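Undergrad:
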Amino acid sequence: NAGVTQTPKFQVLKTGQSMTLQCAQDMNHEYMSWYRQDPGMGLRLIHYSVGAGITDQGEVPNGYNVSRSTTEDFPLRLLSAAPSQTSVYFCASSYGKGREIGGYTFGSGTRLTVV
Amino acid sequence: KQEVTQIPAALSVPEGENLVLNCSFTDSAIYNLQWFRQDPGKGLTSLLLIQSSQREQTSGRLNASLDKSSGRSTLYIAASQPGDSATYLCAVNYPGSQGNLIFGKGTKLSVKP
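Protein chains in written order, with my numbering: chain X, -2 to 112; chain Y, 282 to 394.
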């Protein structure tokens, strides 16, 4: 099994550009989420989904959009990139949801630099 | 608001030592707690998942304990090896979180040969 696949691994954007970070999982997990990881700040939740067609905001959603049209895919869109969005982005998935959430599986991350 | 704290932020030990990593959380009403390992430049790997009804979980040389009443969890690593060098993070799932985890900032472990 591939697990959670994130693409691209590295990306450099200019301020104002838009892009989509891709995330796909092949484990039929209901739950998927996006985190960003910054030095000194730890992991912070951007958006999450508890099933196809259902998404919600996390702690730091501004400047990002998501959609969940299929169980497998959960893309993260940066609408107009800003230097403050320079970070490492992780996608995660898990079986179950809420109280029944299981162990998370993380992708290998996308390192994004906005200049 | 649920907060997760990990102390110390960094730890250096000689190879072969048994060691304990600490995790504390402010609200004892959790559903479960997970420990992860993160190698430099990599994603997180789930190590152990402890449900609120459990006291501990074991996997190989790793043993995680949970004391909900005191808001604490410990990760015990037996006979440490240089390959154990990584950052270890704990995270909690709690009522109202929809399954989202709140993470501590991690303990960076270095095991010297």
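Here a beta-carbon is modelled for each residue, glycine too, at the ideal position from N, C-alpha and C. Since we're looking at a predicted model, the values are computed, not measured.
In angstroms with no decimal places, state the Cα-to-Cα distance between GLN335(Y) and GLY37(X).
TA: Between the alpha carbons of GLN335(Y) and GLY37(X) lies a distance of about 31 Å.
Undergrad: Along the chain, where does the beta strand (DSSP E) that runs through ASP35(X) open and close?
TA: 28 to 35
Undergrad: Helix, strand or coil: which one does DSSP assign to GLN54(X)?
TA: strand
Undergrad: Exposed or buried, which one is GLN82(X) when buried takes at least 16 other CB atoms within 10 Å?
TA: buried
Undergrad: For the candidate residues GLN287(Y), ILE383(Y) and PHE306(Y), whose alpha-carbon lies nearest to that of LYS389(Y)?
TA: GLN287(Y)
Undergrad: For the stretch 310 to 321 of chain Y against the stretch 345 to 363 of chain Y, are there 3 or more C-beta pairs whose distance is under 8 Å?
TA: yes
Undergrad: Between the alpha carbons of SER84(X) and GLY324(Y), how many angstroms are there, rounded?
TA: 13 Å
Undergrad: Can you give me the C-alpha to C-alpha distance between LEU314(Y) and THR12(X), rounded to a whole angstrom?
TA: For LEU314(Y) and THR12(X), the distance between alpha carbons rounds to 38 Å.
Undergrad: On the three-state DSSP scale, how would you describe GLN82(X)?
TA: helix
Undergrad: Just checking my contact of GLN14(X) with THR4(X) at CB under 8 Å: how many whole Å lie between their CB atoms?
TA: Wrong, their Cβ atoms sit about 17 Å apart, outside the cutoff.
Undergrad: Use the C-beta contact count for ILE98(X): other C-beta atoms within 10 angstroms, 16 or more gives buried, fewer gives exposed.
TA: For ILE98(X), the number of other beta carbons within 10 angstroms of its own is at least 16, and it is reported as buried.
Undergrad: At 7 Å on the CB atoms, spell out the chain X contacts of ASN303(Y), in chain order.
TA: The contacting residues do not exist; ASN303(Y) stays about 16 Å from chain X at best.
Undergrad: Can you give me the Cβ contacts of VAL285(Y) inside the same chain, cut-off strictly under 7 Å, excluding the 5 residues immediately before and after it?
TA: CYS304, PHE306, CYS371, ALA372, VAL373, ILE383, PHE384 and GLY385, listed in sequence order.
Undergrad: Between GLU69(X) and ALA49(X), what straight-line distance do the alpha-carbon atoms span, to the nearest angstrom?
TA: C-alpha of GLU69(X) to C-alpha of ALA49(X): approximately 9 Å in a straight line.
Undergrad: At what residues does the beta strand (DSSP E) containing GLU337(Y) begin and finish?
TA: 337 to 340
Undergrad: Helix or strand or just coil, what does DSSP make of GLY99(X)?
TA: coil
Undergrad: For SER305(Y), which beta-bridge partners are listed by DSSP?
TA: THR286(Y) and ARG353(Y)
Undergrad: So that I know if they touch, is there some Cβ in chain Y lying closer than 9 Å to that of ARG96(X)?
TA: yes
Undergrad: Helix, strand or coil for PRO363(Y)? Go by DSSP, reduced to three states.
TA: It is helical.
Undergrad: For ARG318(Y), does the count of other Cβ atoms within 10 angstroms reach 16, so buried, or fall short, so exposed?
TA: buried
Undergrad: Using a Cβ-Cβ cut-off of less than 9 Å, list which residues of the stretch 293 to 323 of chain Y approach chain X; keep chain order.
TA: TYR312, ASN313, GLN315, PHE317, GLN319, GLY322 and LYS323
Undergrad: From the DSSP secondary-structure annotation, give me the bridge partner or partners of ARG108(X).
TA: PHE7(X) and VAL85(X)
Undergrad: Using 8 Å as the threshold, is the stretch 351 to 365 of chain Y in touch with the stretch 26 to 34 of chain X, meaning 3 or more CB pairs across them?
TA: Judged by Cβ distances under 8 Å, the stretch 351 to 365 of chain Y makes no contact with the stretch 26 to 34 of chain X, as fewer than three pairs qualify.
Undergrad: Look at the alpha carbon of TYR101(X) and the alpha carbon of ARG74(X), and state the distance between them as a whole number of angstroms.
TA: 22 Å
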